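First up is the structure itself, then whatever we jot down about it.
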Amino acid sequence: MEILVILVPLALMLGGAGLVAFLWSLRSGQYDDLDGAAWRAIADDEPPQEAPAKR
Amino acid sequence: MHVTRDFSHYVRAAGEGVQHIDLAVEGVHCAGCMAKIERGLSAIPDVTLARVNLTDRRVALEWKAGTLDPGRFIDRLEELGYKAYPFETESAEVAEVAESRFLLRCLGVAAFATMNVMMLSIPVWSGNVSDMLPEQRDFFHWLSALIALPAAAYAGQPFFRSAWRALSAKTTNMDVPISIGVILALGMSVVETIHHAEHAYFDAAIMLLTFLLVGRFLDQNMRRRTRAVAGNLAALKAETAAKFVGPDEISQVPVAAIHPGDIVLLRPGERCAVDGTVIEGRSEIDQSLITGETLYVTAEQGTPVYAGSMNISGTLRVRVSAASEATLLAEITRLLDNALQARSRYMRLADRASRLYAPVVHATAFITILGWVMAGASWHDAIVTGVAVLIITCPCALGLAIPTVQTIASGAMFKSGVLLNSGDAIERLAEADRVIFDKTGTLTLPDLEVMNAADIPAEIFELAGRLALSSHHPVAAAVAQAASARSPVVGAVEESGQGVRAVVDGIELRLGRPSFCGAEALVADATRLDPEASIVAFGKGSEKFILSVRQGLRPDAQAVIAALKARNIGIEILSGDREPAVKAAAHALAIPEWRAGVTPADKIARIEELKQRGAKVLMVGDGMNDAPSLAAAHVSMSPISAAHLSQATADLVFLGRPLAPVVAAIDASRKALHLMRQNLWLAIGYNVLAVPVAISGVVTPLIAAAAMSGSSILVMLNSLRARSTSREIA
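Sequences listed follow chains A and B, in order.
Quick note on numbering: UniProt numbering labels position 27 of the first sequence as 27, and the sequence is numbered without any gaps.
Quick note on numbering: UniProt numbering labels position 43 of the second sequence as 43, and the sequence is numbered without any gaps.
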């Protein structure tokens, strides 16, 4: 049962990592536009720009 | 006169020399639009960000400060085929978004804790019947406590706060039994863990919070979405006014940037966006949105004008006054305040349920403790059993029963064009058994229609429409719209107060007053047919025609009235308009009960009278004069074209030209109420089964967890049935 000493903290760390990832995604506004995100995934890539944007 | 557009009110600095503006965009609905807009706007030099939000139908734009005029973005979007309006987030919406995010954070924390505590609980449950060492069990319990206690302290905040508010106000709500249950379950589990006991309820307590947070989040999200749509609609109305910034220079500015004392220009065909007094000019104005009266009123120096009035013929200069100065508004505001105060505080179904529920549950737990002590059990065992009763009866399914149905029903209503202003509107709408309609703008459409278009030869009508494009008069605009005219007649001249004339191929065309076109002879006939309509004459050489223009009924008004009658709902019309106009509408719709020339105070009196008789009144109205009665009625609805005050007062707002959303909303809400009741019964039924088990003292954490998730899932699945709302009328 000594394996618990490794497994339990490992499990908690994985769970905690999931939580941190969720909170980060929430903070960075990834749930603000769920409809748009669904479409963006299948939208064509932008064609490469012919010339670098002139300023 | 030089006109500029001024959007500086909406632009805000986004740090580091970057400026930001949000635009609400009409007609964005797919990935194609999204890509087109983003590419189109990014192509403008110096734009640093152009991002479409497809959910909210908005575009966020950022650019290097001082390089671009925001008006350019709107022009660019216009070229791309989209109408865009600068957007200002209301404070109410900001608050809803913040609350929604907070609940989602709580939900994330609670879900994380539930999953990890469950992971620790399952070995304990299976270990209790096999060979788990007591030390291992204690270790797992302590670990569970370590996760569950901070998580519950954080994720339970929405419930604890609300329960505390209710208790400080000496009332109770659903959150009081929830908070007591969670706190007692956690407290008892800690004590049990210290005493090396077999059972701890960390898992049940934290799972309860997770399920309840799901319900809470759904509820909140529904409100947030409604706010976003309502905010967009407000922006799309683009309320601007032409403000004088110099003696001869005007600037088109948003209403929010106009202050009392400013002078604005009101041109023919424009809707007034401010309250004020005419200081120069003479014109006819249409005040139907304020009083319900469709006859035009003459405005001259000193006449008060209200936001929502349509200017018909001449140009006016208006000095803006503070809202309270206008006498008519003051009267309506006073009535509205009284009605709002008298509005019987409707108790939501959930609160009514919990008012009955909480005392019963707490009494049961208390009696259980006393019963076990009298039966000879130790105080410790008796209290453990009592707390188990509280945990098992914690209104988990009860907390989900109503929000889940509400979310799904409001989604169904949203699809049929109805927005909810208040959460309990669904429950109140389902009870309505009498509908009072206002006429002007509610049964009829706010815009004018040509009633006899079919009687006029198509090419003549088209020509009249093209000529009408050269006039600012709203009646002319209606003719142009009806003829779907696009290209104006070249060389058309408008004679103020008379009409428009032009010469095409040597033939003179005239559109305007019958006297201006030499068509007086035809007027008598037309007036006899339809005394309420405005008459416009069109002359092509010696051929004369008469167009009769008026506000038409909503296209499906008859079908809707019939559908309401079929549902055994009483209908009547209360209108501020004159008798002939109301009588005609009532006749066309076969509504026997109608009153004309009703003042706002009379409307309230009629609603009170119906209330006395026990009727639950749904008031549907749009005018400023309807606002007090909208507040006085049991539940109220407004079209989106309604005056601001009315829209803010109404419980529901419906979109578009048809009246069908009224029936759709009633149907959806009735179905939803039925499901809410059913869900409450399901939840109570579950408790009736589970409580005897809990009282007998054989509940283990495993049973508690299984019963809780089982009942919650059952209630959620039942709620999904609210999706299939019948959409058609009849």
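Beta carbons are placed, not taken as given, at the ideal position from N, Cα and C, and that holds for glycine.
Bear in mind that the values here come from a model prediction, so they are computed numbers and not experimental data.
- A straight-line Cα-Cα distance of about 11 Å links Ala152 of chain B and Asp203 of chain B.
- Shown here for Ala586 of chain B: same chain residues with a beta carbon closer than 7 Å to its own, the five before and five after excluded, namely Ile573, Trp594 in chain order.
- Under the Cβ criterion of 8 Å, Ile6 of chain A is not counted among the residues facing chain B.
- Beta-carbon to beta-carbon, Arg271 of chain B and Thr315 of chain B are separated by about 14 Å, too far to satisfy the 8 Å threshold.
- Residues of the segment 498–520 of chain B that bring their beta carbon within less than 7 Å of a beta carbon in chain A are absent altogether.
- Within its own chain, the residues whose Cβ lies closer than 7 Å to the Cβ of Val52 of chain B, once the five positions on either side in sequence are excluded, are Val28, Met34, Ile37, Glu38, Val59, listed in chain order.
- In this structure, the alpha-carbon of Ala273 of chain B lies about 5 Å from that of Ala307 of chain B.
- The Cβ of Ala17 of chain A sits no closer than 8 Å to any Cβ of chain B.
- For Arg58 of chain B, the enclosing beta strand (DSSP E) has its first and last residue at 58–64.
- Of the other Cβ atoms in all chains shown, 16 or more fall within 10 Å of the Cβ of Lys439 of chain B; this residue is therefore buried.
- Taking 8 Å as the cut-off between beta carbons, the residues of the segment 20–47 of chain B near chain A are Cys30, Ala31, Met34, Ala35, Arg39, Pro45, Asp46, in sequence order.
- Using a CB distance cut-off of 8 Å, Leu34 of chain A counts as an interface residue toward chain B.
- With a threshold of 8 Å between beta carbons, Trp39 of chain A makes contact with chain B.
- Distance from the CA atom of Ala485 of chain B to the CA atom of Gly465 of chain B, rounded to whole angstroms, is 5 Å.
- Taking a Cβ-Cβ cut-off of 8 Å, the neighbours of Thr55 of chain B in chain A comprise Asp32, Asp33, Leu34, Asp35, Gly36, given in sequence order.
- Proximity to Arg225 of chain B across B:Gln481, B:His634, B:Met708, B:Val94 peaks at B:Val94, based on C-alpha coordinates.
- Listed by position along chain B, the residues whose Cβ is nearer than 8 Å to that of Ile3 of chain A form an empty set, because the closest Cβ is around 12 Å away.
- The distance from the Cβ of Ser575 of chain B to that of Gly292 of chain B is about 5 Å, consistent with a contact at the 8 Å cut-off.
- In chain order, Pro600, Met624, Asn625, Ala627, Pro628, Leu645 place their CB closer than 8 Å to the CB of Ile332 of chain B, counting only its own chain and leaving out the 5 sequence neighbours on each side.
- Fully contained in the segment 585–621 of chain B are the following alpha helix (DSSP H) runs of length 4 or more, in chain order: 600–612.
- Inter-segment contact for the segment 82–90 of chain B and the segment 666–673 of chain B is absent: fewer than three beta-carbon pairs are separated by less than 8 Å.
- Less than 8 Å divides the Cβ of Phe211 of chain B from the Cβ of Ser712 of chain B.
- Think of a sphere of 9 Å around the beta carbon of Leu26 of chain A: the chain B residues whose beta carbon falls inside it are Arg101, Leu104, Arg105, Gly108, in chain order.
- Taking a C-beta distance under 8 Å as the contact criterion, Val253 of chain B and Val278 of chain B do not qualify as a contact pair.
- If you compare the alpha carbons of B:Ser144, B:Leu209, B:Val176 with that of Tyr154 of chain B, the shortest gap goes to B:Leu209.
- Counting other Cβ atoms within 10 Å of its Cβ, His196 of chain B stays below 16 and is therefore classed as exposed.
- In the structure shown, Asn718 of chain B adopts helical secondary structure according to DSSP, grouped into three states.
- A contact between stretches requires three or more CB pairs, one per stretch, nearer than 8 Å, and the segment 446–463 of chain B fails this requirement with the segment 357–376 of chain B.
- Neighbours of Val663 of chain B in chain A, taken as residues at a C-beta separation under 9 Å, are lacking, since the least C-beta distance is about 28 Å.
- Three or more Cβ pairs closer than 8 Å define a contact, and the segment 234–253 of chain B falls short of that threshold against the segment 212–221 of chain B.
- Residue contact check for Phe112 of chain B against chain A: a CB pair falls below 8 Å.
- Residue-level contact check: Leu143 of chain B touches chain A, since one or more beta carbons of chain A fall below 8 Å from its beta carbon.
- For chain A, none of the residues of the segment 440–468 of chain B brings a beta carbon within less than 9 Å of one of its beta carbons.
- Under the criterion of beta carbons closer than 8 Å, Asp35 of chain A and Thr393 of chain B do not qualify as touching, at roughly 40 Å.
- Cβ neighbours of Val387 of chain B within its own chain (closer than 7 Å, five residues either side excluded): Leu184, Ala185, Met188.
- Ranked by how close their Cα comes to the Cα of Pro403 of chain B, the residues B:Leu77, B:Ala672, B:Ala50, B:Ile383 have B:Ala672 in first place.
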